[in-house]
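Written below as structure tokens is the structure these notes are about.
Residue numbers (our numbering): 64 to 382.
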């Protein structure tokens, strides 16, 4: 079958179209004929072996697909260890979910990772309460576009979006943000406070790292919470001292989506069902970031790493 393979770790240049054997499902797995493939920022880390879960070569990257089972059921699946950049993929039954009518491929894939991430960040990490202010960094990205909508729908008092261009900031405002500010502001701490009417902020969702994290932490109000779920800037923030958290009564948490499957109960399934219902009811939508032929996965990664993209990127294995 046609796939994209990595035989040496590195940047987008290592993504190479190839013919590889069809995957064989084992116990607890299902074979999926792939219609669309989701492209995530984590895929760029997987290709260079800098992801939280180490990779082994040769590697077919990609962690999510939407398609059909042998019985014709339309499903979306969160893959284990890659294998998504291909015409066929094997997904764990426990992480494969039926896609209801009224949810297209774009929204099915966007809600599987980006939507579930935003849901967990707001519900589990930061425990958003009505009236609280929420800062969404990278608000025009896959998670950001959904987090802005969810925070507003769930009663946030003020949603503050950050983005690096006027076009991206305008998109965040269209999605419901109350104010959008330049993520490149020299003093981001003061910029966030000004955007919140001169007050410190309650919640920050951060996947950038570096100074963005450091200056966002300084903008937190007493009992404010920052949820850290990525490092797109590839720059680590300063170490956090517990005494500093105590002094300001703030909380910092991390989130990696696979850990949700370790929680008691079907938390992931609950999140996805709620997100799909919102999509079907018109209360939530994914933003299309572009669709690339499978053989052009390298171009998709280059666009994603340039941080010039918005919304959700897809690959089409039929092209």
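For every residue, glycine included, the Cβ atom is placed at its ideal position computed from N, Cα and C. Everything numeric in this text was worked out from a predicted model, so none of it was measured.
*Residues near residue 341 by beta carbon distance below 6 Å, same chain, minus five either side*: Around residue 341: 347.
*asked:* Suppose the cutoff is 6 Å on Cβ atoms and the five residues either side in sequence are ignored; what does the same chain contact list for residue 383 look like?
replied: In the structure displayed, the chain extends from 64 to 382; residue 383 sits before or after that span and is not available.
_Residues bridged to residue 153 (per DSSP)_ = DSSP links residue 153 through a beta bridge to 94.
*asked:* Under 8 Å: do the stretch 165-175 and the stretch 137-153 share three or more Cβ pairs, one atom per stretch?
replied: Note that the stretch 165-175 touches the stretch 137-153; at least 3 beta-carbon pairs, one per stretch, sit closer than 8 Å.
*My guess is that residue 154 and residue 95 are in contact by the Cβ rule of under 8 Å, so how many angstroms apart are they, rounded?*
That belief holds up - the Cβ atoms of residue 154 and residue 95 are roughly 6 Å apart, short of 8 Å.
*For residue 117, does the three-state DSSP call read helix, strand or coil?*
Coil.
*With DSSP as the reference, please indicate the residues paired to residue 100 in a beta bridge.*
Beta-bridge partners assigned by DSSP to residue 100: 128, 378.
*If you follow the alpha helix (DSSP H) that residue 305 is part of, which residue opens it and which one closes it?*
Unbroken alpha helix (DSSP H) run through residue 305: 305-311.
*Going by Cα to Cα distance, which pick from 251, 274, 269 is closest to residue 263?*
Between residue 263 and the set 251, 274, 269, the nearest pair of CA atoms involves 251.
*Over the uninterrupted alpha helix (DSSP H) stretch that includes residue 282, give me the two end residues.*
DSSP places residue 282 in no alpha helix (DSSP H); its state is neither H nor E.
*What do you get for residue 192, buried or exposed, if any count of 16 or more other CB atoms within 10 angstroms of its CB means buried?*
Per the 10 Å Cβ criterion, exposed.
_Across the stretch 196-208 and the stretch 260-280, are there enough close Cβ pairs to call them in contact, namely three or more that are closer than 8 Å?_
Counting Cβ pairs under 8 Å, three or more are found: they touch.
_For residue 211, report the span of its alpha helix (DSSP H) as first-last._
Element bounds for residue 211: 205-216.
_Could you tell me the alpha carbon to alpha carbon distance between residue 207 and residue 335, rounded to whole angstroms?_
When rounded, the distance between both Cα atoms is 17 Å.
*Per DSSP, which residues does residue 159 bridge with? Please list them.*
DSSP lists 140 as partners of residue 159.
*asked:* What would DSSP say about residue 370, mapped onto helix, strand or coil?
replied: In the three-state reduction of the DSSP assignment, residue 370 falls in the coil class, being assigned neither a helical nor a strand state.
_N-terminal and C-terminal residue of the beta strand (DSSP E) that residue 429 is part of_ = Residue coverage of the chain in this structure runs from 64 to 382, which leaves residue 429 outside it and unanswerable.
*asked:* With a threshold of 6 Å on Cβ separation, who are the neighbours of residue 71 within its own chain once the five nearest residues in sequence on each side are excluded?
replied: Contacts found: 77.
*Find the nearest neighbour of residue 343 within the set 151, 162, 111, 66, judged by alpha-carbon distance.*
Here the closest residue by C-alpha is 162.
*asked:* Tell me the rounded alpha-carbon separation between residue 61 and residue 90.
replied: Any property of residue 61 remains undetermined from this structure, which presents the chain solely from 64 to 382.
*Pairwise C-alpha distance: residue 187 and residue 79*: Residue 79 and residue 187: Cα-Cα distance of roughly 38 Å.
*Assuming residue 295 and residue 270 form a contact by the criterion Cβ under 8 Å, report the distance between their Cβ atoms to the nearest whole angstrom.*
Yes, they are in contact, since the Cβ atoms of residue 295 and residue 270 sit about 6 Å apart, within 8 Å.
_To the nearest angstrom, how far is the alpha carbon of residue 229 from that of residue 245?_
C-alpha separation (whole angstroms): 8 Å.
*Rounded straight-line distance, which links the Cα of residue 111 to that of residue 360*: Answer to the nearest angstrom: the Cα atoms are 14 Å apart.
*Run of the beta strand (DSSP E) containing residue 252, from where it starts to where it stops*: It is not in any beta strand (DSSP E) - residue 252 instead sits in the alpha helix (DSSP H) that spans 251-258.
*With C-beta atoms as the reference, is residue 215 less than 7 Å away from residue 222?*
Note that the C-beta distance between residue 215 and residue 222 is below 7 Å.
*asked:* Under DSSP, the alpha helix (DSSP H) around residue 195 begins and ends at which residues?
replied: Judged by DSSP secondary structure, residue 195 falls outside any alpha helix (DSSP H); it is assigned neither H nor E.
*Distance between beta carbons of residue 104 and residue 367, contact taken as under 8 Å*: Their Cβ separation, rounded to whole angstroms, is 6 Å, which keeps residue 367 and residue 104 in contact under 8 Å.
*To the nearest angstrom, how far is it from the Cα of residue 128 to the Cα of residue 152?*
Residue 128 and residue 152 have their alpha carbons spaced roughly 8 Å apart.
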